[in-house]
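Protein sequence lines correspond, in order, to chains X and Z.
Heads up: the first sequence is residues 409 to 705, going by my numbering.
Heads up: the second sequence is residues 308 to 738, going by my numbering.
Note that CB positions come from ideal geometry on N, CA and C, so glycine has one too.
The structure presented is a predicted model; accordingly, all values stated were derived computationally and were not measured.
Shown next, in structure tokens, is the structure this report addresses.
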Amino acid sequence: MKASTSRRNTLYGILFALPWIIGFLAFTAYPILASLYYSFTEYVGIGTPKWIGSGNYNALFHDELFWTSLYNTLYYVGLAVPIGFVVGLGLALLLNIDLKEIGIYRTLVYLPYVLPAVAVSFIWLWMLNPYYGLLNLFLGTVFHIQGPGWFSDPKWAKPAFVMLAQWGAGGSAVIFLSSIKDVPRELLESAEIDGAGWWTKFSKIIIPMISPVILYHIITALFGGFQIFTTAYIATNGGPANSTLFYVLYLYRNAFQYSKMGYASAMAWILFVLVLIITLIIFRTSARWVFYRGGGE
Amino acid sequence: MFGKKLLIGFISALLVLSSLTFAFGKTTVTFWSSHSGEPDRTSIQHIVDEFNKQNPDIEVKVTIVPGSETDVSKLLTSIAGGVAPDIYLVDRFTAAQRAVAGVLEPLNNLTTADEIAKLKKAYLPFAWDEASWDNKVWVLPFDTDTRALYYRKDQLKEAGFNTPPKTIAELDTYAEKLTKKDASGRFLRIGFVPWLNQGWHYTWGWAFGGEFYNPKTKKLTITDPNIVKSFEWQKSYADKYGMAAIQSFSSAFGSEAQDPFIMGMISMKVDGDWVLSGLDRFAPKMKWGVDYGATYIPRPEELAKKPITWAGGWSLGIPKGAKHAKEALEFIKFACGPVGQKIYTVETLHLPTIAELLKDKDVRGERRHAFFVDLLRYAKNRPPLPVGALLWDELTAARDAVINGQKTPLKACQDVEARVQPELDKILAGK
């Protein structure tokens, strides 16, 4: 009797999960595996792929734009992820202050995050406009600096995207905030009694207590950073002089503009392996700095 | 029991009826267009309305889809997914590339060789060339266009010039004299910037006497000394006026009524015939011959006597897997034929690719438009290669690298050849 109930439960469980399982198999697992096959073929996106072995991979390593796009993306990730972390955590600390109207601030900080990337790109095109833009106006009137051309200057276009990425910092700030709220009060209070200042409390209690959330944030921010596409597609479309030709943008061009789906698939797999390696390294080192409450007890 | 039978009977009657109406009713033909701007969008609808009226058994439906000259991702995914439209608007210079990619159904499969030969005679040869690849025709040519130097007559006069520049040297002098700065050194007006609007790599490469492709050797010739020279000349503007300053000034340009030419922020620009309809719409007070004019694109002294321009334009094709290819062909013959092209070119001020329409009074329009029509005689067209989109993007990147000082003109041109030629060779070898 008991056995059949549990079997039935399993069956129901599978049935309820079936929509997701089917969706996952058809729309995620199959395309991923298919792209692995395509990456070894010459394939225009329709018709029959032609097997060429490692041809795409060999060609990629000699493709100047592949390296340019990889460099651009690493540059972007290298700046956007740490800065995003600092800005997100900083905002979270500010939003943790006890104020009567703090709810309003929390809403305001979170609001930009829900805007679609396309709209955000257009807003930033205006904010960073060298002539009419708010930022250069600010630089000019307050610091008497002539601001750069941002999106139109190859030297400043990537930093401009790093800045643009901070627009969404409200999203991570809210997650940090909720984990800071989770830090047991008694720990902070007893530290205070022992004479700990805010920095000690922050670095010795808050940071370790929220470290699992920090790990989560860094991993997801890395994924997001490596896949930067929408804002670059809208704001610069890779220019000027390929300075914002990010990896996925170049992948997209190969797949849909140059009819080189096989080549694009190879690019996707290289990116996948690269992100996988970086993620594994972070996970390996995380044992040293991530503290799981209750884990060691 | 009886109720159930009745219901079944009713449903099957419905099914039979609906299949009958399907058989005897209209055939719906889907047409995807990426022309979302006006007046082009409405004009295409006018052609469709006219066709639907004349063909009661076919109903063409236009859907505006995302896409651009070189970006057809939506079409690709729809073909792969088995839900391709019946008609697609293709930028003609990419037709060969789409043909090689297997995106298009060759029209030779849908009609007789006689009809193809008859169609061929109706079109301007360059447009037919662009529509063909591998001895087959893949699309029918729709509109075309030409480019010229627009100038603000009022501003030229103010600077003491009574005629527009004819040579590159004159253009440089005019540009310098027309440029104005405020006290802090910021531009108020720039006389001319070569790479704005339609000042593409092709525009200047040809103006300087260069050739991009040798059909005999099947080799790209981007390192043609004249093309390299055209890049060097463009770079001289970046050096003279300062790239950062030009960029920051041009980022302040708006569109439509805030267009920099209308606002008087640039005095001269290379642009296409379609700009005329924009000027009428957004600056109705600006008058041809008084406030602005258009002339031949300036060329180096020794070539200045021979006018030059280039022509582009769109075409209509039938994607692989189209469900109503026969009806689709009827429509594209109509839309790309004299009736359709006349509607479109009169309404949008583009140019026809049907040779006889070039003499049509309505198509020629007023004098200013007739100027662009007559320019077709001197028009070059981009080599109809199956790597057209790639070559375009690479040339654009090369131009950017040169004006931003990242590559020398020669190196940039060499890089384009090194990247595109192997792709072309591969396709030619596989043919």
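key: Nearest neighbour of Z:R706, chosen from Z:L503, Z:L485 and Z:W445 [CA to CA]   = Z:R706 has its Cα closest to that of Z:L503, out of Z:L503, Z:L485 and Z:W445.
key: Close beta carbons around Z:A406, own chain, < 6 Å, minus the five adjacent residues each side   = Setting aside the 5 residues that flank it on each side, Z:A406 is surrounded in the same chain by W440 and W445, each with a C-beta closer than 6 Å to its C-beta; the list follows chain order.
message = If you measure between the beta carbons of Z:S537 and Z:F519, is that distance less than 8 Å?
response = No, the Cβ-Cβ distance between Z:S537 and Z:F519 is not below 8 Å.
inquiry  = Can you tell me whether X:R514 is buried or exposed? The criterion is at least 16 other CB atoms within 10 Å of its CB, across all chains shown.
reply    = X:R514 should be labelled buried.
query = Would X:G461 count as contacting chain Z if we go by Cβ distances under 8 Å?
reply = At a cut-off of 8 Å, the C-beta of X:G461 has no neighbouring C-beta in chain Z.
task = Can you check the stretch 533-590 of chain Z for any beta strand (DSSP E) of at least 3 residues that lies completely inside it and give the ranges in chain order?
result = Counting whole runs of 3 or more residues, the stretch 533-590 of chain Z contains the beta strand (DSSP E) stretches 575-579.
ask   = Where does Z:P626 sit, in a helix, a strand or coil, going by DSSP?
value = In this structure, DSSP gives Z:P626 an extended state, which the three-state scheme calls strand.
query = Which residues in the same chain as Z:G571 place their Cβ atom closer than 6 Å to its Cβ, once the five residues preceding and following it in sequence are excluded?
reply = Nothing meets the Cβ criterion.
request  = Please classify X:P520: does DSSP put it in a helix, a strand, or coil?
outcome  = The answer is helix: DSSP assigns X:P520 an H, G or I state.
inquiry  = For Z:G620, tell me which candidate among Z:K464, Z:P693, Z:N416 and Z:R454 has the shortest Cα-Cα distance.
reply    = Distance check between Z:G620 and each of Z:K464, Z:P693, Z:N416 and Z:R454 places Z:R454 closest, using alpha-carbon atoms only.
ask   = Tell me, which residues are paired with Z:D398 by DSSP?
value = According to DSSP, Z:D398 bridges with Z:W621.
request  = Could you name the residues of the same chain whose beta carbon sits closer than 8 Å to that of Z:G389, not counting the 5 residues immediately before and after it, in chain order?
outcome  = Within the same chain, Z:G389 has close Cβ partners G628.
Contact set between Z:Q728 and chain X, taken where Cβ atoms lie within less than 8 Å = None at all; the shortest Cβ gap to chain X is about 14 Å.
message = Quick check on X:R416: buried or exposed, where buried means 16 or more other Cβ atoms within 10 Å of its Cβ?
response = Exposed, since its Cβ has fewer than 16 Cβ neighbours within 10 Å.
Three-state secondary structure (DSSP) of Z:Y457 = Z:Y457: strand per DSSP, three-state reduction.
ask   = X:W428: buried (16+ other C-beta within 10 angstroms of its C-beta) or exposed?
value = With fewer than 16 Cβ atoms within 10 Å of its Cβ, X:W428 is classed as exposed.
ask   = Short check: CB of Z:Y266 to CB of Z:Y458, under 8 Å?
value = Residue 266 of chain Z is absent from the structure shown; chain Z starts at 308 and stops at 738.
The beta strand (DSSP E) enclosing Z:C367, as first and last residue numbers = Contrary to the premise, residue 367 of chain Z reads as Val rather than Cys in this sequence. For Z:V367, the enclosing beta strand (DSSP E) starts and ends at I365 to I371.
message = X:G557 and Z:S491 - do their beta-carbons sit closer together than 8 Å?
response = No, Cβ-Cβ distance for Z:S491 and X:G557 is not below 8 Å.
ask   = At a Cβ threshold of 8 Å, is X:P538 touching chain Z?
value = At least one CB of chain Z lies nearer than 8 Å to the CB of X:P538.
N-terminal and C-terminal residue of the beta strand (DSSP E) that Z:W339 is part of = Residues T334 to S340.
task = Specify, as a first and last residue, the run of the alpha helix (DSSP H) that Z:G374 falls within.
result = Segment: none, Z:G374 is in no alpha helix (DSSP H) and carries neither H nor E.
message = Just to make sure I have the definition right: I need the residues of chain Z whose C-beta is within less than 8 Å of the C-beta of X:N650. Which are they?
response = Near X:N650 (Cβ distances below 8 Å), the residues of chain Z are A704, D707 and A708.
query = By Cβ distance, which residues of its chain are closer than 6 Å to Z:T486, with the 5 residues on each side in sequence left out?
reply = For Z:T486, the CB contacts under 6 Å within the same chain, skipping 5 residues up- and downstream, are I497 and G498 in chain order.
Selection of the stretch 445-457 of chain X by Cβ proximity to chain Z, strictly under 8 Å = Within the stretch 445-457 of chain X, contact with chain Z at the beta-carbon level (separation under 8 Å) is assigned to V452, G453, I454 and G455.
task = Establish whether the CB of Z:L455 and some CB of chain X are separated by less than 8 Å.
result = The question names Leu, but residue 455 of chain Z is Ala in the sequence shown. Residue-level contact check: Z:A455 does not touch chain X, since none of the beta carbons of chain X fall below 8 Å from its beta carbon.
ask   = What does Z:K627 touch in chain X if you count any residue whose Cβ is under 9 Å from its own?
value = When 9 Å is used as the limit between beta carbons, Z:K627 is near these residues of chain X: I454 and G455, in chain order.
query = Rounded to whole angstroms, how far is the Cβ of X:G492 from the Cβ of X:S667, which I believe are closer than 8 Å?
reply = Between X:S667 and X:G492 the Cβ distance is about 35 Å, and since that is not below 8 Å, they are no contact.
query = Using a C-beta cutoff of 8 Å, does X:E705 count as contacting chain Z?
reply = Residue placement at X:E705 is poorly supported in this model, since its pLDDT is 39, which falls under 50; the coordinates still yield a value, given next. When Cβ-Cβ separations below 8 Å define contact, X:E705 makes no contact with chain Z.
inquiry  = Check this for me: beta carbons of Z:L623 and Z:F449, under 8 Å apart or not?
reply    = Yes, Cβ-Cβ distance for Z:L623 and Z:F449 is below 8 Å.
message = For the alpha helix (DSSP H) containing X:A452, name the first residue and the last one.
response = It is worth fixing the name first, because residue 452 of chain X is Val in this sequence and not Ala. Where X:V452 is concerned, there is no enclosing alpha helix (DSSP H), given that its DSSP letter is neither H nor E.
task = Just tell me which of Z:I710, Z:F358, Z:A635 and Z:I604 has its CA closest to the CA of Z:W339.
result = Among Z:I710, Z:F358, Z:A635 and Z:I604, the Cα nearest to that of Z:W339 is on Z:A635.
inquiry  = Below 8 Å on C-beta distance, what does X:S560 contact in chain Z?
reply    = Simply Q554, S555, S557 and S558.
task = May I ask you to report which of helix, strand or coil DSSP gives X:W428?
result = Here X:W428 sits in helix by DSSP.
inquiry  = Do X:I613 and X:I588 count as a contact pair if the criterion is CB distance below 8 Å?
reply    = Judged by beta-carbon spacing, X:I613 lies beyond the 8 Å limit of X:I588, meaning their Cβ atoms are not closer than that value.
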